[in-house]
Every structure is written in C-alpha cells, then in structure tokens.
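In my numbering, each residue's number is its place in the sequence shown (first place is 1) plus 5.
Where is the CB? At the ideal position from N, CA and C, for every residue including glycine.
On a predicted model such as this, the values are computed, not experimentally measured, just so you know.
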Amino acid sequence: MPLNLTIISNFFEPFRTYTNATLYKPPEQVRIFEVELVTRHPDRGHLRAVGRISAAVSGSKRHVQKVDEDEYQRGED
C-alpha cells in the first residue's frame, strides 16, 4: 500500500524542530519542540503534532508533547 504524505505549510511538519526563541529570551525560557508525527485526532478530525519538548538549557529532560491545530500559533517568519 503506498504511503500518502501531505505537507502542511500552516502547521507543524514531521521531522522538523521548532523553537520559541527570540533575541531577548534567556535559554531557560526557550523551548525546543522536535516533531515526530503529524496525524489527525481520531474523534474530532483536526491535526495533531506529537513530539518531544525540552528547554534549550544543556542537559534538560525531554518529554512527550502534543499540540493540536486549535492550540497552534504561527510564529513570525
């Protein structure tokens, strides 16, 4: 069975890393989100990104995080 992939430019993309870093944030306030999977919510049908999130400080623990389409806020380009 062929794998059908859709690139979603208005939402997170799998295998990409995102951050909320700005020039004025200290590293302990910066978050890094490594997206592993983008899928659809089984009941509501909206997009859901699943990955690992951590602080930008060396040695920070990573934990599983999900972000739903209605929670997503696009950053500045």
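Straight-line gap, residue i to residue j (C-alpha atoms, nearest Å)
{"i": "residue 75", "j": "residue 44", "result": "14 Å"}
{"i": "residue 54", "j": "residue 26", "result": "19 Å"}
{"i": "residue 20", "j": "residue 39", "result": "7 Å"}
{"i": "residue 42", "j": "residue 66", "result": "20 Å"}
{"i": "residue 30", "j": "residue 52", "result": "29 Å"}
{"i": "residue 33", "j": "residue 59", "result": "10 Å"}
{"i": "residue 15", "j": "residue 64", "result": "31 Å"}
{"i": "residue 57", "j": "residue 68", "result": "5 Å"}
{"i": "residue 77", "j": "residue 50", "result": "15 Å"}
Status (buried if at least 16 other CB within 10 Å, exposed otherwise) for residue i
{"i": "residue 62", "result": "exposed"}
{"i": "residue 72", "result": "buried"}
DSSP beta-bridge partners of residue i
{"i": "residue 21", "result": "The partner list for residue 21 (beta bridge, DSSP) is empty, contrary to what the question assumes."}
{"i": "residue 39", "result": "22 and 57"}
Whether residue i touches residue j by CB criterion (8 Å)
{"i": "residue 36", "j": "residue 24", "result": "yes"}
Residue i in three-state terms, based on DSSP
{"i": "residue 73", "result": "strand"}
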